[in-house]
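J.: Heads up: the sequence shown at position 50 corresponds to 984 in this note's numbering, and the numbers run straight through without jumps.
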Amino acid sequence: MENALSSAMNRLRSSRVPVLPAGTTYLMQALADEEIERAELTRVIERFPTIVGRLISLANSAWSAPVGTISSLEMACARLGFGVVRSTSIALTISSPFDPKRCPGFDPEHFWSSALLTADSASWLAPCAQPAEVPEPSTARAAGILHNLGVLWIADQLPREVDEAITLAARTNGMSLRNALQELLGFDDTHAGALIAEAWELPPPLSAAIAHHTDANYQGEQWQSAALIGLASSMVAAAQRREEWQAPAALLQRLGIAPADAERTNLQLNAQRKRVVELAKTLFPR
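1) Inspect the beta-carbon positions of Arg-1220 and Pro-1042 and report whether they are closer than 8 Å.
2) Pick helix, strand or coil for Leu-954, following the three-state DSSP scheme.
3) Please confirm whether Ala-1184 and Ser-1159 have their CB atoms less than 8 Å apart.
4) Using 8 Å as the threshold, is the C-beta distance between Trp-1247 and Leu-954 below it?
5) Are the CB atoms of Ala-1077 and Ile-1163 nearer to each other than 8 Å?
6) Go ahead and label Ser-1167 buried or exposed: buried means 16 or more other beta carbons lie within 10 angstroms of its beta carbon, across all protein chains shown.
7) Leaving out the 5 sequence neighbours to the left and right, which residues in its chain are closer than 6 Å to Thr-958 when beta-carbon positions are compared?
8) Where do the ends of the alpha helix (DSSP H) carrying Arg-1013 lie?
9) Confirm, please, whether the CB-CB distance from Asp-967 to Arg-1036 is below 8 Å.
10) Between the region 1194-1211 and the region 1168-1179, do at least 3 Cβ pairs fall closer than 8 Å?
11) Give the straight-line distance between the Cα atoms of Glu-936 and Arg-1207, rounded to the nearest whole angstrom.
12) Touching or not, the region 991-1009 and the region 1058-1067, by the rule of three or more beta carbon pairs under 8 Å?
13) Going by DSSP, what residue range makes up the alpha helix (DSSP H) through Val-978?
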C-alpha cells in the first residue's frame, strides 16, 4: 500500500504542471481589484477572446434570459454583473489547461457549483470579518473559485485513482471525496493544489486558501484567507448535502464574524444555490 501511495504522489509530482494562458496573471490581478471600474475591467477581458465569447454566450443564454440580444462584452458585463463576470472569468481561465473528463466519475456540475458557491459566500463574508488582513471581497471570491483546484489536476493526471475515490466516497456513508483520496492515495486535493499554487506563483492569500482551508487550526501566513474559505466551504458542503449548517463558533470568533452575519450569509447562499447550479451546468456541461 505504501508503495502505491508513493507511486501516486511521484506520478503527480513528475507530471507537467499545466501552463496557464498568456496574460493570466494580469487578468487575475484585474479580477481581484476591488476598485476597478466596469469599463476598465471590460478592456482587460477584451484581451482574452475565448472568455469574451463565453461571457456573451452566457449573457444570451436561457440562464440569463435577456429581453434582447446581447452583442458586445460591455453589454454582457452589464447584464451579468460584476460578481458573475469575475467568477466566470476566473473559472474559465483556470479550467482551460485541465481535462478532468478523463476521470469517468468527475461531476463538473458538482465541482463548479461548489467552487462558484464558495466564491459567492466568501465574498459576502469578507466584509463581516474583523481582522485587518482578511482579503477584500474580490480576492475572497477568487480564493473561493480556486480553493479546490487540486481536484482538477489529480482528476486529469490520476483519473483511475480519483474515480476509485469517488466510488468509495459514494458507497461509504459520511465519507467525503477528500477523505477517500487520503485513504486511497495518502494525500488529497489540498496537497495537489498547493503544488500548483507554488508552480503558478499565485498570490499568498490564494495559495493559503488552497492549501490550508481545511485546517481550522492553521496559524501561518494568510491564515485569515484560509479560515474565511474554510468557513464558506463548510456552508456550501452543508447546502449541497441538504443539511442544516452548524456554525463553527470558534472559527467565527477567530474571524470576528457575528453569528447573525454568518447565518444571513448562509440563508443567502441557500437562496442562490439552484441558480448557481444552473450556471455551473451552463458553463461546464457534461
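For glycine and all other residues, C-beta sits at the position ideal for the given N, C-alpha and C.
This one's a predicted model, so the numbers in the text were calculated from it and none came from an experiment.
T.: Once the coordinates are examined:
1) As a first step, residue 1220 is located in the sequence shown; it is residue number 286 there, counting from the start. As a first step, residue 1042 is located in the sequence shown; it is residue number 108 there, counting from the start. Cβ distance < 8 Å, so Arg-1220 and Pro-1042 count as in contact.
2) Within the sequence shown, numbered from 1, the residue matching residue 954 stands at position 20. DSSP places Leu-954 in coil when its eight states are reduced to three.
3) For the purposes of this step, residue 1184 is identified with residue 250 of the sequence shown, where counting begins at 1. For the purposes of this step, residue 1159 is identified with residue 225 of the sequence shown, where counting begins at 1. Between Ala-1184 and Ser-1159, the C-beta gap is not smaller than 8 Å, which leaves the two residues out of contact.
4) Because the chain in this structure spans residues 935 to 1220, residue 1247 falls outside the shown range and cannot be described.
5) On the sequence shown, residue 1077 is found 143 positions in, with the first residue counted as 1. On the sequence shown, residue 1163 is found 229 positions in, with the first residue counted as 1. Cβ distance < 8 Å, so Ala-1077 and Ile-1163 count as in contact.
6) Working through the sequence shown from its first residue, we reach residue 1167 at position 233. It counts as buried.
7) On the sequence shown, position 24 is the one that residue 958 refers to. Excluding sequence neighbours, Thr-958 sits near Thr-1027.
8) If you number the sequence shown from 1, residue 1013 lands on position 79. Arg-1013 -> alpha helix (DSSP H) spans 1007-1014.
9) Sequence index remark: in the sequence shown, residue 1036 carries index 102 (1-based). Sequence index remark: in the sequence shown, residue 967 carries index 33 (1-based). No; because the gap between Cβ atoms is not below 8 Å, this pair is not in contact.
10) yes
11) Here residue 936 refers to the residue found at position 2 of the sequence shown. Here residue 1207 refers to the residue found at position 273 of the sequence shown. Note that Glu-936 has pLDDT 48, beneath the 50 cutoff, so the model's placement of it is unreliable and no number is given.
12) no
13) Your numbering for residue 978 matches position 44 in the sequence shown. Element bounds for Val-978: 972-979.
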